[in-house]
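**Q** In order, the protein sequence lines correspond to chains U and C.
To convert a position in the first sequence, counted from 1, into this note's numbering, add 383.
To convert a position in the second sequence, counted from 1, into this note's numbering, add 45.
Even glycine gets a Cβ: it sits at the ideal position worked out from N, Cα and C.
Given the structure is predicted, the values throughout are model-derived calculations rather than measurements.
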Amino acid sequence: MGINFHYKVICDNVHGSIGISALEQNIINTRTFQRLKKIKQLGLASLVFPGAEHSRFAHSIGVMHLMSKMVDRLREEGCEYVKVERVKQKLRLAALLHDIGHYPLAHLGEQVFLWVDQVDKVPQVVTQDKPSPPDQHLLLSAAYEYKSGPAKHESLGKLILCSDESEIHLLVKKAEFDPAEIARIFNSEDKENPFYIQLMSSTLDCDRMDFLLRDSLASGTNFGHVDVNYILRNLTWDPESKFICFQPKAINAIEHFITGRYFSYNVTYHKTVMGFELMAKVLFFAMMRDKEFKEGDYGEIVRSFDDVEDKIKTDWTFLANFNDEYFWYYLDRWRPSDPIEQELRHNLLSRVPLRVIYEAKVLHTDPEPKSPYYYLASGFIDSVECQNCLRAAGVDVNRLAVKKEQVTFEKVPYSVRYDQDVTEENRLKLVKVVDGGQAKDLVSYQSSIVQPLSRYQPSVARLYALVEKGSDEETRLKEGVNNILDKHGPRI
Amino acid sequence: MDQRLAGIYLVMKELGGFSLESFDDRLFLQKAIYLLQILGIDLRFRFSWYLRGPYSNALTQCAFEIDGSDPLKAKLDQLTLRHEVLQVLDYHKQWLQGKPATLLESSWLELLSSIHYLKHISRPDPSVTLQNVRDYLKTAGKTGFVDQDIQAAWDTLKKAGLIDRKTLPPPATLYESNGH
């Protein structure tokens with residue numbers, strides 16, 4: 384008997400009607416999955432875009448829906464890897480559960496746990512030839528982005544799925560699927576099946592397609608008006624190389640998608656949103672490290688990924704509350720002793736953002752060594768000029784942070800070394816077009832705008848300060864920093 | 046300072062240079078860091094089995110992050126590895142000097158790390174023998190290694206204490222300055 388993928392129907396504001404199977408309904412109804420309703424997709428973006436309140440819950444269901452559409456299309460194209468119905472269910476489950484391990488405040492929370500892990504667990508393997516600068520405040524360190532570590536949300540997701548006591552684990556096993564395999568698929572670790580990696584984690588995967596549409600709709604911006612359905616209708620595969628690819632007539636729509644993602648960063652990397660995220664990151668980290676802070680009806684605040692693991696093993700109801708509210712609950716009750724943390728806490732709760740003192744942008748992958756961007760992004764705060772400027776402005780260096788954001792259009796830039804630069808792993812993730820019956824990387828097409836775009840890496844560096852809007856400190860600081868950096872060229 | 050990025054960059058410089066230009070460069074990097082970790086300097090990269098043995102996605106990402114940033118490299122060039130890490134790297138250097146003549150350095154490290162992984166991680170069973178590992182290597186498609194090379198790698202790991210145990214203990218002094 385086949386699987387009924389329309390056992391129930393969910394009404395979604397992005398995709399319309401989404402059918403789900405009985406197994407999926409049971410999973411969705413678990414407390415563990417329901418907690419995603421209280422984890423916002425875009426973290427603190429709703430502080431700037433009030434409509435951006437959509438959750439990881441809706442997004443996960445949307446991703447499952449798009450995965451299903453991709454699988455159905457590939458089946459129509461005769462793809463042997465997805466012809467079995469149970470494979471379709473397995474891939475739908477991987478898509479549905481891909482964000483199950485997200486932390487409170489999503490990627491921001493993950494960064495905090497990676498930060499803690501780095502401080503606690505990674506050995507100090509290097510020394511500096513020069514004496515270390517005085518202890519820096521957390522605000523200066525918070526801007527650093529950790530790309531990897533055992534505390535990644537994918538690891539928490541794997542834990543949730545694979546733990547014997549987990550309600551989702553039990554449901555999946557009862558349906559005779561392998562929870563570990565599903566975790567490998569959504570973590571793109573299933574190297575035995577590179578085909579699945581392409582569906583879940585590539586430049587044009589079901590995750591990205593959903594969040595482009597959803598984030599645009601919710602935030603009230605227009606970057607998401609991309610014809611994703613047309614792209615999906617042109618999905619196919621190359622039986623020889625086993626690559627997923629698209630018909631050439633979808634190239635324009637794909638280019639629109641790729642550039643749409645670039646414009647989406649106006650929301651996710653919005654200067655005020657990034658400022659709030661810096662504040663929240665510092666406060667979350669500081670709360671976790673404050674050994675004196677013990678109160679809370681939820682018990683003592685978790686202090687590391689290991690703590691989260693231990694709590695889950697003893698009490699699964701902990702996980703149900705481990706969402707955005709967890710952060711706000713503890714922030715409300717915490718009383719920091721550090722004056723800067725006190726101010727950050729007050730400002731975050733009162734929606735008073737950090738001030739942007741200077742912003743510099745570049746487009747090229749090799750910015751001019753003497754451009755304002757380069758100066759700002761390369762240890763500007765440590766420079767003698769900046770220190771002098773801060774003294775003149777009467778601003779403490781610990782009130783500053785430099786945050787950088789970068790955007791790439793494709794996984795590998797197109798260059799004369801392209802064939803050497805592309806690794807096996809990257810090749811799986813690149814968008815491909817079927818050409819003469821074979822999959823060819825879109826970035827290698829001279830006629831596609833993706834090729835020149837792939838060589839650019841739009842980047843922005845911003846100097847933030849914890850100063851009052853319109854204050855003398857802010858004015859003097861801006862004047863001083865402008866004088867230092869503007870002489871190196873245009874800032875944008 | 047991200048100790049992991051600093052560790053990757055400076056370890057590779059110490060072993061001959063940081064480069065991601067060729068496939069062999071990237072293979073060498075993966076295996077060198079894997080071996081560094083089992084020798085007690087745990088940079089917290091987690092490995093799973095792929096075509097050429099233990100492989101870490103995260104390590105690749107970090108390596109490319111360094112490779113793509115000259116300012117970062119300039120910053121890392123101001124740092125030096127601690128004495129404890131340099132001592133561990135002596136193992137690597139001895140192993141590289143003692144490699145079979147027929148193997149590239151990257152292939153030799155691939156063999157060492159693959160044997161260790163198969164012995165301790167993919168099938169964690171104390172009774173796994175050299176013959177078992179030989180069979181696993183063949184099953185994994187690594188038919189390019191001859192029996193003498195496999196024996197040599199096994200003996201090398203055994204001499205370092207890495208057949209009877211999964212990892213060497215970390216130097217305690219490396220963790221002294223951690224935390225707040």
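Pull the bridge partners of Tyr847(U) from the DSSP assignment, please.
**A** DSSP output for Tyr847(U) lists Val739(U) and Ala784(U) as bridge partner(s).
**Q** Per DSSP, what kind of secondary structure is Asn396(U) in: helix, strand or coil?
**A** Coil.
**Q** For a cutoff of 8 Å on Cβ pairs, would you count Gly224(C) as touching chain U?
**A** Per-residue confidence for Gly224(C) stands at a pLDDT of 39, beneath the threshold of 50, marking its modelled position as unreliable; no derived number is given.
**Q** Comparing alpha-carbon positions, which option in Leu746(U), Asn649(U), Thr415(U) and Phe667(U) lies nearest Pro873(U)?
**A** The residue with the shortest Cα to Cα distance from Pro873(U) is Leu746(U).
**Q** With a CB to CB cut of under 6 Å and the five nearest residues on each side skipped, what residues in its chain are close to Leu406(U)?
**A** Closer than 6 Å at Cβ, skipping near neighbours: Ala558.
**Q** For a contact defined as C-beta to C-beta under 8 Å, what are the partners of Ser93(C) on chain U?
**A** Those are Glu572 and Lys574, listed as they occur along chain U.
**Q** Which ranges would you report for the alpha helix (DSSP H) in the stretch 587-614 of chain U if only whole runs of at least 4 residues count?
**A** Runs of the alpha helix (DSSP H) inside the stretch 587-614 of chain U: 589-602.
**Q** Please confirm whether Val446(U) and Ala478(U) have their CB atoms less than 8 Å apart.
**A** Yes, the Cβ-Cβ distance between Val446(U) and Ala478(U) is below 8 Å.
**Q** Hey, how far is the Cα of Pro517(U) from the Cα of Leu219(C)?
**A** Note on Pro517(U): pLDDT 48, under 50, position unreliable in the model; the coordinate value appears next. Each residue's Cα considered, the two are about 21 Å apart.
**Q** Following the continuous beta strand (DSSP E) through Asp70(C), name the residue where it begins and the one where it ends.
**A** Counting along the chain, Asp70(C) falls outside any beta strand (DSSP E), though it belongs to the alpha helix (DSSP H) covering Phe68 to Ile83.
**Q** Going by DSSP in three states, Leu618(U) sits in which element: helix, strand or coil?
**A** Strand at Leu618(U).
**Q** Examine chain C for any beta-carbon lying closer than 8 Å to the beta-carbon of Tyr652(U), and answer yes or no.
**A** Not closer than 8 Å to any Cβ of chain C, the Cβ of Tyr652(U) fails to qualify, so no.
**Q** List, from N- to C-terminal side, the alpha helix (DSSP H) runs of 4 residues or more that fit wholly inside the stretch 151-194 of chain C.
**A** Segments of the alpha helix (DSSP H) lying fully in the stretch 151-194 of chain C: 175-184.
**Q** Applying the criterion that 16 or more other CB atoms from any shown protein chain within 10 Å of the CB defines a buried residue, is Asp561(U) buried or exposed?
**A** Flag for Asp561(U) reads exposed.
**Q** Rounded to a whole number of angstroms, what is the C-alpha to C-alpha distance between Lys861(U) and Lys753(U)?
**A** Going from the Cα of Lys861(U) to the Cα of Lys753(U) covers about 20 Å.
**Q** Just verifying my parser: in three-state terms, what is the DSSP assignment at Phe763(U)?
**A** Reduced to three states, the DSSP call for Phe763(U) is helix.
**Q** Spell out a yes or no on whether the stretch 829-839 of chain U and the stretch 782-798 of chain U are touching, meaning 3 or more CB-CB pairs, one atom from each, closer than 8 Å.
**A** Verdict: yes, contact present.
**Q** Grouping DSSP H, G and I as helix and E and B as strand, with all else coil, what is His324(U)?
**A** This structure cannot settle anything about residue 324(U), because the visible part of chain U is limited to 384 through 875.
**Q** With a cut-off of 8 Å, does the C-beta of Ala51(C) fall near any C-beta of chain U?
**A** Yes, Ala51(C) counts as interfacial toward chain U.
**Q** If we require 3 or more residues per run, which beta strand (DSSP E) segments fall completely within the stretch 82-150 of chain C?
**A** For the stretch 82-150 of chain C, whole beta strand (DSSP E) runs of length 3 or above, ordered along the chain, are 93-95, 98-100 and 124-126.
**Q** Measuring straight from C-alpha to C-alpha, what distance separates Leu121(C) and Ile551(U)?
**A** Those two C-alpha atoms are separated by around 44 Å.
**Q** When Cβ atoms are compared, which residues of the stretch 781-808 of chain U fall closer than 8 Å to chain C?
**A** Within the stretch 781-808 of chain U, the qualifying residues are Gln803, Thr806, Glu807 and Glu808.
**Q** Select from Ala197(C), Leu74(C) and Leu55(C) the residue whose C-alpha is nearest the C-alpha of Thr125(C).
**A** Of the candidates Ala197(C), Leu74(C) and Leu55(C), the one whose C-alpha sits nearest the C-alpha of Thr125(C) is Leu55(C).
**Q** Could you give the first and the last residue of the continuous alpha helix (DSSP H) run that contains Phe416(U)?
**A** Start and end: Arg414 to Gln417.
**Q** Does any CB atom of chain C fall closer than 8 Å to the CB of Pro517(U)?
**A** Only weak support exists for where Pro517(U) lies, its pLDDT of 48 falling under 50; the value from the coordinates is given anyway. Chain C, which has no Cβ nearer than 8 Å to the Cβ of Pro517(U), makes this no.
**Q** Residues bridged to Asp200(C) by DSSP?
**A** In the DSSP output, where bridge partners are listed per residue, Asp200(C) has none listed.
**Q** Please state whether DSSP places Ala558(U) in a helix, a strand or coil.
**A** Three-state result, Ala558(U): coil.
**Q** Roughly how many angstroms lie between the CA atoms of Arg89(C) and Leu523(U), to the nearest whole one?
**A** Whole-angstrom Cα-Cα distance: 24 Å.
**Q** Taking the alpha carbon of Glu623(U) as the reference point, which residue from Val735(U), Tyr464(U) and Ile483(U) has its own alpha carbon closest?
**A** Per the Cα distances, Tyr464(U).
**Q** Mark Cys394(U) as exposed unless 16 or more other C-beta atoms lie within 10 angstroms of its C-beta, in which case mark it buried.
**A** The residue in question, Cys394(U), is exposed, as its Cβ has fewer than 16 Cβ neighbours within 10 Å.
**Q** Could you please give me the residues that DSSP links to Ile627(U) through a beta bridge?
**A** DSSP, once it has assigned bridges, lists Trp620(U) as partnering Ile627(U).
**Q** Within 8 Å, do at least three Cβ pairs link the stretch 71-83 of chain C to the stretch 494-504 of chain U?
**A** Counting Cβ pairs under 8 Å, fewer than three are found: no touch.
**Q** Residues of chain C with a CB under 7 Å from the CB of Lys504(U): which are they?
**A** Chain C residues near Lys504(U): Arg89.
**Q** Which value, in whole angstroms, describes the spacing of the CA atoms of Gly658(U) and Trp711(U)?
**A** Going from the Cα of Gly658(U) to the Cα of Trp711(U) covers about 17 Å.
**Q** Using a Cβ-Cβ distance under 8 Å, would Tyr645(U) count as near chain C?
**A** No, because no Cβ of chain C sits closer than 8 Å to the Cβ of Tyr645(U).
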